[in-house]
Amino acid sequence: MKSLLTICLLATISSTALADKLAIVGGKVFTGSEQGTLESATVLINGNEIVSVSASSAVPEGYQAIDASGKYVTPGLIGAYTQLGLVEVSSSAGTVDASVSSNPVSSTGAAYDVSYAINPDSSLLAISRVEGFTSAITGISRSDSLFHGLGAVITLSGTGDPILKSRAFTAVNVGNGGADSNGGSRAALWVMLEQAISEAMQVSTAAQLSPSSQWHGLNSRADVKALKPVVNGETPLLMFADRAADIRQVIAFKQRYPKIKVVLVKGMEAWRVAEELADANIPVIIDPEFNLPGSFEQLGATLANAQRLEAAGVMVAIGMETHNIRLATQHAGNAVAFGMSWEGAMAALTVNPARIFGAPDQLGTLTSGAKADVVVWSGDPLEVTEAPEVVIIDGEMMEMTSRQIKLRDRYQQRAESEQTSQYIR
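When you line the sequence shown up against mature numbering (1 follows the signal peptide of the UniProt record, and there is no 0), it's residues -19 to -1, 1 to 406, in that order.
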């Protein structure tokens, strides 16, 4: 019956794929806004914007309807921290731009910019897109330098320029990984970080960083210039840490520099300092599935991490330090099984990442004027047996296929007399 409903829905979609005005009617709509979750609601889309979301079932003249009765409708999901577009095959160095060695031009790594490296033709974008992800936060996962450079917000449409926002954030690892690359000790790492932040704060004019001016800083001009938006509170500083002691240092850093928008990433022991994180207004990006320690800094890992952070009032987003972000709905569903609210888990996949990276009016919500990134699901998005049936990005229907799906179709069981069809790009 479910497959028949899907076929009927896709038949409807085929006639509306090129429509400028769409009405998604009758679905259970998670808006990601103050409207909450609406039963049997209607989402109106005009071009690349959402016009309205209401409990009315009326379809205005000129709109083509998509019947979502018995289905869920959500904003397009956002991968809160990924390497999408930077990694194709992790074991092939030529397709990996998420790992950076030391470079003399950028003494601390703050100036590295992933927007130059993102591949819009990556097959992984379509693989994530058919699972309901319409945008992602992407950045470097490993660096020999102090900072992991400048990350970007990208669209997964697979057409045109993928960059929605370049130089969207800066990242730094203040845990074991960061210490290993910076003197072998946190004692060295934190001094280097304080020095870099201090120099960026002392620069008051662009002229001080021009090639014609003298520069005597410990960090390169490029690095200091890259850090200016961070110290001015314009872009977030993502700080990677798992150990509770390291997270307390992150909180203390935020107290010393209240203007900096600090975001904690990974945070396997974040639940141990949940109240302090909430008081400091520090959002956390976690993978709620981590429950086994991979090192001594992760001894407190637990499946209850997301629930305990939510209960303390911490803003939680779900990200995975891998290009396999498509599994995040599964991980969010498991977080709900361990006590996180359903609404909190959905917010962690939609509006919370948008808030963290400064795009709540455009991404992660179904509200008037927002970017028309919408997903229609066969059922509850957090149930592993349900899946997206319609993905709309920027008002355009996406083809529900990927390289994996095409390979599946190519090699499905056939009669012996049949030839395997040639794979067509």
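Heads up, the beta-carbon is just placed ideally off N, CA and C, and yes, glycines get one too. Predicted, not measured: the structure shown is a model, and the values here were computed from it.
**Prompt:** What first and last residue would you give for the beta strand (DSSP E) that runs through GLN230?
**Reply:** Careful: GLN230 lies outside any beta strand (DSSP E), inside the alpha helix (DSSP H) at 225 to 237.
**Asked** Closest to ALA261 by CA distance: which of LEU58, VAL10, ALA293 is it?
**Response** Of the candidates LEU58, VAL10, ALA293, ALA293 places its Cα closest to the Cα of ALA261.
**Prompt:** Thinking just about the alpha-carbon of each residue, which of VAL32, ASP1, ASN305 is nearest to the one in SER109?
**Reply:** Closest in alpha carbon position to SER109, among VAL32, ASP1, ASN305, is ASN305.
**Item:** Residue range of the unbroken alpha helix (DSSP H) whose run includes VAL205
**Value:** Its alpha helix (DSSP H) spans residues 202 to 212.
**Prompt:** How would you call PRO264, buried or exposed, if buried means at least 16 neighbouring beta carbons within 10 angstroms?
**Reply:** Buried, by the Cβ-count rule.
**Asked** Whole alpha helix (DSSP H) runs in the stretch 39 to 118 with 4 or more residues, listed along the chain?
**Response** Those alpha helix (DSSP H) runs which fall completely within the stretch 39 to 118 and span 4+ residues are 104 to 110.
**Prompt:** Hey, ALA353 and GLY376: beta-carbon distance below 8 Å or not?
**Reply:** Yes, the Cβ-Cβ distance between ALA353 and GLY376 is below 8 Å.
**Asked** Based on the DSSP secondary-structure assignment, which residues constitute the bridge partners of PHE338?
**Response** Secondary-structure assignment with DSSP links PHE338 through no beta bridge to anything.
**Item:** Nearest residue (CA-CA) to VAL254, options LEU219, PRO239, TYR238, VAL295
**Value:** Of the candidates LEU219, PRO239, TYR238, VAL295, the one whose C-alpha sits nearest the C-alpha of VAL254 is VAL295.
**Distance between GLN311 and VAL70 (C-alpha atoms, nearest Å)** = Those two C-alpha atoms are separated by around 23 Å.
**Message:** Given 7 Å as the limit, tell me if ILE337 has its C-beta closer than that to any heavy atom belonging to the ligand NAP.
**Reply:** Among the ligands in the structure shown, none appear at all, so the ligand NAP cannot be discussed.
**Asked** Looking at the unbroken beta strand (DSSP E) that takes in MET220, where does it start and where does it end?
**Response** Here the beta strand (DSSP E) through MET220 covers 218 to 222.
**Message:** Checking 8 Å against the spacing of the C-beta atoms, do ASP268 and GLY314 come in under that value?
**Reply:** At a Cβ-Cβ threshold of 8 Å, ASP268 and GLY314 do not count as neighbours.
**Request:** Keeping to the same chain, check which residues put their C-beta closer than 6 Å to that of SER21; ignore five residues upstream and five downstream.
**Result:** Closer than 6 Å at Cβ, skipping near neighbours: GLY7.
**Request:** Assess, as a yes-or-no matter, whether the stretch 9 to 16 is touched by the stretch 325 to 332 under the definition of 3 or more beta carbon pairs within less than 8 Å.
**Result:** Short answer: they touch.
**Asked** Are the beta-carbon atoms belonging to THR89 and ASP227 less than 8 Å from one another?
**Response** Taking 8 Å as the Cβ cut-off, THR89 and ASP227 do not qualify as a contacting pair.
**Request:** Reducing DSSP to helix, strand and coil, say where MET378 ends up.
**Result:** For MET378, the three-state secondary structure derived from DSSP is strand.
**Message:** Only counting the same chain, and skipping five residues up and downstream in sequence, which positions put a Cβ closer than 8 Å to that of VAL81?
**Reply:** Cβ neighbours of VAL81 beyond the five flanking positions: GLY90, TYR93, ILE121, ARG123, SER124, ASP125, SER126, HIS129, GLY130.
**Prompt:** Of the residues SER96, VAL243, GLU180, SER138, which one's Cα is nearest the Cα of SER104?
**Reply:** The shortest Cα separation from SER104 among SER96, VAL243, GLU180, SER138 belongs to SER138.
**Request:** May I ask you to report which of helix, strand or coil DSSP gives ILE178?
**Result:** Correct three-state label for ILE178: helix.
**Prompt:** How many whole angstroms separate the CB atoms of MET173 and ASN163, which I take to be in contact at a CB cut-off of 8 Å?
**Reply:** That pair is a contact at about 6 Å.
**Prompt:** Would you say ALA207 and THR151 are within 8 Å of each other, going by their C-beta atoms?
**Reply:** The answer is yes: Cβ separation under 8 Å.
**Item:** Outcome for PHE234 when other beta-carbon atoms lying within 10 angstroms are tallied against a minimum of 16
**Value:** Here PHE234 is buried, its C-beta having at least 16 other C-beta atoms within 10 Å.
**Request:** Using beta-carbon positions only, say whether GLU278 and ARG224 come within less than 8 Å of one another.
**Result:** It is a contact, given that the beta carbons lie within the stated cut-off.
**Request:** Mind checking which residues open and close the alpha helix (DSSP H) that includes LEU258?
**Result:** Element bounds for LEU258: 255 to 260.
**Asked** Is the Cβ-Cβ distance between ALA298 and ALA98 less than 8 Å?
**Response** For the pair ALA298 and ALA98, the CB atoms are not nearer than the 8 Å cut-off.
**Request:** Answer with buried or exposed for TYR53, where buried requires no fewer than 16 other C-beta atoms within 10 angstroms of its C-beta.
**Result:** It counts as buried.
**Request:** Compute the Euclidean distance between the alpha carbons of ASN154 and SER349, then round it to the nearest angstrom.
**Result:** The straight-line gap from Cα to Cα measures roughly 38 Å.
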